[in-house]
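Residue numbers (my numbering): 781 to 1069. Using N, Cα and C, we set each Cβ at its ideal position, and we do this for glycine too. Note that the structure is predicted; figures quoted are calculated from it, not measured. Right, one structure below, let's go through it.
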């Protein structure tokens, strides 16, 4: 989930609640609070706490709430995961340590520490384009043996990686796509679902894609992907979540403001394409109020 901010820069819990309700009404089966799309690294500690508590209370057991708890250091990651557990999260989404570029052995030991001491089920999160480090499938194969490591969000959407991760799926370990553009292909190959950016704006349309792909319907998956593809392309105009936040006001789900060093999407052609793509989706419903 994106984190809406008010005009004064504070967290807008009312808009956050509307966004959460919109997700549930649209068929979203779980939400991530304070992930990369939620501008996790721009949040203060008390804001993380308030967002997570609010989400857990508002979801009221209807869907699981995952907390983004990945930090660059292992001790900090364990501490944040423990805090998320105390605040009621159902699981932790733990990104590969960013900037420090650990080895595969370092990643193995990092995730085992979090699994052993964080107090929550762990979903691994690999996004090399942002972290500068790639969690390789052979390391994932070792990590999935820990009972607290329950899955992976894989943001590499190339076919080789999709195939490698699909081979690791089993009843106690799920593969979730982390790339909207290749999500249909990943789910047709065996991914159980997608942790999505575009679903912030069009949860019902994205749920239709998930249902088609996890059901093995190639033709329906193609049609669903074609329907949302203009919006996916429009969202690529700026670093996430700048563009997805620009779509929030159209839906009555908050302002378009990110936090520095991110800046608001310009009022030129990029914003116009985004709004056009949103309006073209027949399943889109404004939920203002």
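Own chain residues within Cβ distance below 6 Å of residue 875, not counting five before or after: Residue 875 sits at position 95 when you count from the first residue of the chain shown. For residue 875, where only same-chain residues beyond five positions count, the Cβ hits under 6 Å are 850 and 905.
Own chain, CB closer than 8 Å to residue 1003, minus 5 neighbours either side, in chain order: In the chain shown, the residue the question calls residue 1003 occupies position 223. Excluding positions up to five away in sequence, the list reads 992.
Kindly identify the DSSP beta-bridge partner or partners of residue 955. For the purposes of this step, residue 955 is identified with residue 175 of the chain shown, where counting begins at 1. Its beta-bridge partners are 932.
What does the Cβ neighbour count give for residue 815, buried or exposed, with the cut at 16 atoms within 10 Å? Taking the chain shown and counting its residues from 1, one reaches residue 815 at position 35. Label assigned to residue 815: buried.
In this structure, does DSSP put residue 998 in helix, strand or coil? On the chain shown, position 218 is the one that residue 998 refers to. Looking at residue 998 - three-state DSSP - the assignment turns out to be helix.
What is the DSSP secondary structure of residue 919, reduced to helix, strand or coil? Counting from one through the chain shown, the residue named residue 919 turns up at place 139. In the structure shown, residue 919 sits in a helix (DSSP, three-state: H, G or I).
Alpha carbon of residue 1065 to alpha carbon of residue 899, nearest angstrom: The residue labelled residue 1065 in the question sits at position 285 within the chain shown. The residue labelled residue 899 in the question sits at position 119 within the chain shown. Its pLDDT being 45, under 50, residue 1065 is placed unreliably in this model, and the value from its coordinates should be taken loosely. Near 38 Å, if we compare the C-alpha coordinates of residue 899 and residue 1065.
Which same chain residues end up closer than 6 Å to residue 1068 when comparing Cβ atoms and leaving out the 5 residues on each side of it in sequence? Mapped onto the chain shown, residue 1068 falls at position 288. Low confidence applies to residue 1068: its pLDDT is 33, below 50, so where it sits in the model is not reliable, and the reading given next is rough at best. Same-chain partners within the cutoff: 1032.
Let me check one thing: in DSSP terms, what residues is residue 872 bridge-paired to? Position 92 of the chain shown, counting from 1, holds the residue named residue 872. BP columns for residue 872 point to 847 and 902.
Exposure of residue 980, with buried meaning 16 or more beta-carbon neighbours within 10 Å: Counted from its first residue, the chain shown places residue 980 at position 200. When all chains shown are included, residue 980 counts as buried.
Do you know offhand how far residue 1063's Cα is from residue 896's? For this step, residue 1063 is matched to residue 283 along the chain shown. For this step, residue 896 is matched to residue 116 along the chain shown. Residue placement at residue 1063 is poorly supported in this model, since its pLDDT is 48, which falls under 50; the coordinates still yield a value, given next. Answer to the nearest angstrom: the Cα atoms are 43 Å apart.
Closest residue to residue 990 among 962, 928 and 938 (Cα-Cα distance): What you label residue 990 is simply residue 210 of the chain shown in a count that begins at 1. Distances from the CA of residue 990 to each of 962, 928 and 938 were compared; the closest alpha carbon is that of 962.
Whole angstroms are fine: how far does the CA of residue 1056 sit from the CA of residue 1014? Walking along the chain shown from the start, residue 1014 turns up at place 234. Walking along the chain shown from the start, residue 1056 turns up at place 276. Looking at the two C-alpha atoms, the distance is approximately 9 Å.
Environment of residue 955 [buried if 16+ CB atoms lie within 10 Å]: Position 175 of the chain shown, counted from the first residue, corresponds to residue 955. So residue 955 counts as buried.
Cβ atoms of residue 927 and residue 977: under 8 Å apart, would you say? Taking the first residue of the chain shown as 1, we reach residue 977 at position 197. Taking the first residue of the chain shown as 1, we reach residue 927 at position 147. Not closer than 8 Å, so no.
Do residue 1043 and residue 817 have their CB atoms nearer than 8 Å? The count along the chain shown starts at 1 and reaches residue 1043 at position 263. The count along the chain shown starts at 1 and reaches residue 817 at position 37. With contacts defined as CB atoms closer than 8 Å, residue 1043 and residue 817 fail to qualify as a contacting pair.
By how many angstroms is the C-alpha of residue 967 removed from the C-alpha of residue 801? Here residue 801 refers to the residue found at position 21 of the chain shown. Here residue 967 refers to the residue found at position 187 of the chain shown. Their Cα atoms are separated by approximately 25 Å.
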